[in-house]
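Heads up, the thing below is written out as structure tokens.
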Amino acid sequence: MVERVLPRFLAAAGALVAVLAMTLGAGAAAAQAAPKVTTPTSLTITGKGIAGPVVVQAAGQPGVFRQLLSEVSWLATAKPQISAPKADRLGPKYALTVLVKDKPTYAYDLYPEATGGPRAHRPAKQPNGKKVADGWFYGRLTMSESLRVSGVPLIAKPDAVSGGIGGGLGAGVVQDELDPVTGVNSFLAQMRELMLLNGAVLVVILFGLAGISYLIRRRV
258 MVERVLPRFL AAAGALVAVL AMTLGAGAAA AQAAPKVTTP TSLTITGKGI AGPVVVQAAG
318 QPGVFRQLLS EVSWLATAKP QISAPKADRL GPKYALTVLV KDKPTYAYDL YPEATGGPRA
378 HRPAKQPNGK KVADGWFYGR LTMSESLRVS GVPLIAKPDA VSGGIGGGLG AGVVQDELDP
438 VTGVNSFLAQ MRELMLLNGA VLVVILFGLA GISYLIRRRV
């Protein structure tokens, strides 16, 4: 009886090892395929009333830098929220460029004084050479103040609501949650955990089938 069951058990064990190897291999491949973490080092702003580009360094002005970056970091992967507004309702445009290791990487157009609230535009052509979907978005209500404290000549609005994406939505969102690179890494980690969980469930199923087969053989 044991001689009949043993080959079946060994075959099931072999299948289990193969599945686990594929699961771990897929997880490792996903980890290797993940993009390298790139941390922005500075920001530049050009636009109406600015004689020369405003430059904000992460090392020199960390507070202002983080505040400005939070205005646009979520735009990298967000889906467009609105259609292109009419030009006469946008107000002055301020072009903000995100630099990574002193190389222009991302570019966005900000309209802090647009009718109905701040607006943001993500051009399809980016400085890093990659093309993304052209899109328009509701800007954060803090956009005007973030630009002003960096050196853009705008009227102070100290009563601006703190936080908020899309005209005030998303208040209290943590900076790491707005970082697209961190979001990708978190997604890959969750996928790997899910695959490992599936492998564990498969182990239980295989052992259950082996046990049932053994009991059936004994009764027969």
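For the sequence shown, the working numbering gives the first residue as 258, with consecutive numbering after it.
Glycine residues also receive a C-beta, built at the ideal position from the N, C-alpha and C atoms.
Answer with buried or exposed for residue i, where buried requires no fewer than 16 other C-beta atoms within 10 angstroms of its C-beta.
i, result
"THR372", "exposed"
"ARG346", "exposed"
"SER340", "exposed"
"ILE302", "buried"
"ALA377", "buried"
"GLU328", "buried"
"VAL461", "exposed"
"LEU411", "buried"
"VAL458", "exposed"
"LEU356", "buried"
"LEU466", "exposed"
"LEU472", "exposed"
"GLY369", "According to the sequence as given, residue 369 is Pro; it is not Gly. Classification of PRO369: buried, given that the 10 Å Cβ count is 16 or more."
"THR399", "buried"
"PRO375", "buried"
"PRO297", "buried"
"GLY320", "exposed"
Name the DSSP bridge partner or partners of residue i?
i, result
"THR301", "VAL312, THR354"
"ALA377", "LEU367, PHE394"
"LYS388", "LYS382"
"ILE307", "Beta-bridge pairing links ILE307 to no other residue."
"ILE339", "TRP393"
"LYS360", "VAL357"
Is there at least one non-hydrogen atom of the ligand MG closer than 7 Å to the beta-carbon of residue i?
i, result
"GLN314", "Ligands displayed in this structure: none; no statement on the ligand MG is therefore possible."
Would you please state the rounded distance, in angstroms, between the beta carbons of residue i and residue j? I believe it to be under 8 Å.
i, j, result
"LEU300", "LEU367", "Not a contact, Cβ separation roughly 11 Å."
"THR394", "PRO337", "A quick correction: the sequence has Phe, not Thr, at residue 394. Yes, they are in contact, since the Cβ atoms of PHE394 and PRO337 sit about 7 Å apart, within 8 Å."
"LYS350", "GLY304", "6 Å"
"ASP391", "PRO384", "Rounded, the Cβ-Cβ distance is 15 Å, inconsistent with contact."
"ALA335", "TYR363", "The Cβ separation is near 12 Å, so there is no contact."
- prompt: Within the chosen definition, does the segment 308-317 reach the segment 389-409 through at least 3 CB pairs nearer than 8 Å?
  reply: Three or more Cβ pairs closer than 8 Å define a contact, and the segment 308-317 meets that threshold against the segment 389-409.
message: Assess contact between the segment 395-403 and the segment 319-328, defined as three or more Cβ pairs (one per stretch) separated by less than 8 Å. Is contact present?
response: Contact holds: three or more Cβ-Cβ distances are below 8 Å.
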